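**Q** Numbering (my numbering), first residue to last: 218 to 543.
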Ligand code: AVJ
C-alpha cells in the first residue's frame, strides 16, 4: 500500500467517511450510506449473506444467467465482436458465466470492470486473469454514479455493460433514473445494458432475506458501528443497538435500520461530535428497492434504451433485463 495512488485512495475514502457520518448522524432521521458496509469484515459478511438460505437474490440471478448466458451474449453482440464492461469490480461467479459465454462465442474477451476502488479492481483483475484464460482485464477507476466514461471501442465492436446483482436497488427512483441516463450517455447506439433487479414479492419472504435466522445480516448491519469505532474513534456499544429490517410497501423497498435499545449518547472522537439517541430511535442504513414486473424495462426505456428481452426465474422473484442503446 505504498504506491501514491493507493495512499490517495485511502485518504480520499477516510475523508468521505468522516463527511457522510457527520452529515448522517446529525440529520433528523439519522442515516448512514450503504457503501459504508463494505470494509474488509463487511465484504466478508456480505459474501456469507449471498449463501444464506433466506437470501434468494444471488442464487436466483445465478440460475437465470446459467440458463441464458449464451443467448444474452449473442443478442448483445448482434454478430459483432463483444467487449464487456461491469459497474462494480466483478460479481464473481455470475460475471464469470457471461465471460465464459463470450469466450465460447468469440475465443477471447476484453473485460472492463469500473469501480471507485483501485484496490478492488486490482484484486478482480488478478483473480479473473488467473482463473479464466481468454479474458483480458482493463480496469477503470471511476465513480459510475456520476456518469460513465469508457475507452472508445473499435468501430466493429459492441459493448455490453453489466449492472447485475440488484446493485441498482440501493438507489431511489430519481437516483436510479439518473444513473441509467448517465450509463446511456457513455454508450453508442447498438451497445447494450444488462440490468439485474430484485422483484416485489410477499413481505415475509422479503423480510427474511434481510433478517436471517443465523443473524449474519444483523452482524453485517452492526459492523457499520464497529467500523466507526475503529476509523473515527467512536464508542458505540454494539450491544445497545439492534438490527431491524422492514418492508416499506408504499416505497417498494426493504429498509434496514439500527435501533437504539435505550436512551444513550455516543462520542465520535475524530469528528469531535456527540450524538444523542432516544430509546427506539433508528439509524437508517440501507434501502433495497424491489421492482414491479416491467418497471425495470420502463425505466431503461425512459433512459434511452430499447427493451430487447428480459428473463426471470419460474417464481418471478428476480429479473435480468437487456436493453439496447438507441
Ligand atoms: C448488494 C445492494 C444488492 O440490497 O440485497 C444484502 C445488499 N444488504 N443484505 C441487497 C444487502 C443486506 C444487497 N445489494
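Heads up, the beta-carbon is just placed ideally off N, CA and C, and yes, glycines get one too. Since we're looking at a predicted model, the values are computed, not measured.
(1) Apply the 10 Å Cβ neighbour rule to residue 438 and answer buried if 16 or more other Cβ atoms are within range, or exposed otherwise.
(2) Please give me, in chain order, every unbroken run of the beta strand (DSSP E) with length at least 3 that falls completely inside the region 243-300.
(3) Report buried or exposed for residue 492, applying the criterion of at least 16 other Cβ atoms within 10 angstroms of its Cβ.
(4) Take the Cβ of residue 422 as the centre, count every other Cβ of all protein chains shown within 10 Å, and call the residue buried at 16 or more, exposed below.
(5) What would DSSP say about residue 377, mapped onto helix, strand or coil?
(6) My guess is that residue 262 and residue 502 are in contact by the Cβ rule of under 8 angstroms, so how many angstroms apart are they, rounded?
(7) At the level of alpha carbons, what is the spacing between residue 523 and residue 541?
(8) Please state the DSSP three-state secondary structure of residue 429.
(9) Since residue 375 and residue 293 should fall inside the 8 angstroms C-beta cutoff, what is the C-beta to C-beta distance between them, to a whole number of angstroms?
(10) Flag this pair as touching only if the region 460-472 and the region 300-309 have three or more C-beta atom pairs under 8 angstroms; answer yes or no.
(11) Between residue 295 and residue 373, what straight-line distance do the alpha-carbon atoms span, to the nearest angstrom?
(12) Here's the rule I'm using: 16 or more other beta-carbon atoms within 10 Å means buried, otherwise exposed. How should residue 383 be labelled?
(13) What does residue 464 pair with, by DSSP beta-bridge criteria?
**A** Judging by the given coordinates:
(1) Position 221 of the chain shown holds residue 438. Buried.
(2) none
(3) Numbered from its first residue, the chain shown carries residue 492 at position 275. Buried, since its Cβ has 16 or more Cβ neighbours within 10 Å.
(4) Start at 1 with the first residue of the chain shown, and residue 422 comes out as number 205. An exposed status is given to residue 422, since fewer than 16 other beta-carbon atoms sit within 10 Å of its beta-carbon.
(5) Along the chain shown, one-based indexing puts residue 377 at 160. Residue state, collapsed to three classes: strand.
(6) Residue mapping note: residue 262 aligns to position 45 of the chain shown, counting from 1. Residue mapping note: residue 502 aligns to position 285 of the chain shown, counting from 1. So it is not a contact: roughly 13 angstroms between Cβ atoms.
(7) Reading the chain shown from its first residue, position 306 is the one you call residue 523. Reading the chain shown from its first residue, position 324 is the one you call residue 541. Those two C-alpha atoms are separated by around 5 angstroms.
(8) By one-based count along the chain shown, residue 429 stands at place 212. Coil, per DSSP.
(9) What you label residue 375 is simply residue 158 of the chain shown in a count that begins at 1. What you label residue 293 is simply residue 76 of the chain shown in a count that begins at 1. The pair is a contact, with the Cβ atoms about 7 angstroms apart (cut-off 8 angstroms).
(10) no
(11) Indexing the chain shown from 1 puts residue 295 at position 78. Indexing the chain shown from 1 puts residue 373 at position 156. Cα to Cα, the separation comes out at about 11 angstroms.
(12) Position 166 of the chain shown holds residue 383. Buried is the call here.
(13) Indexing the chain shown from 1 puts residue 464 at position 247. Answer is 471, bridged to residue 464.
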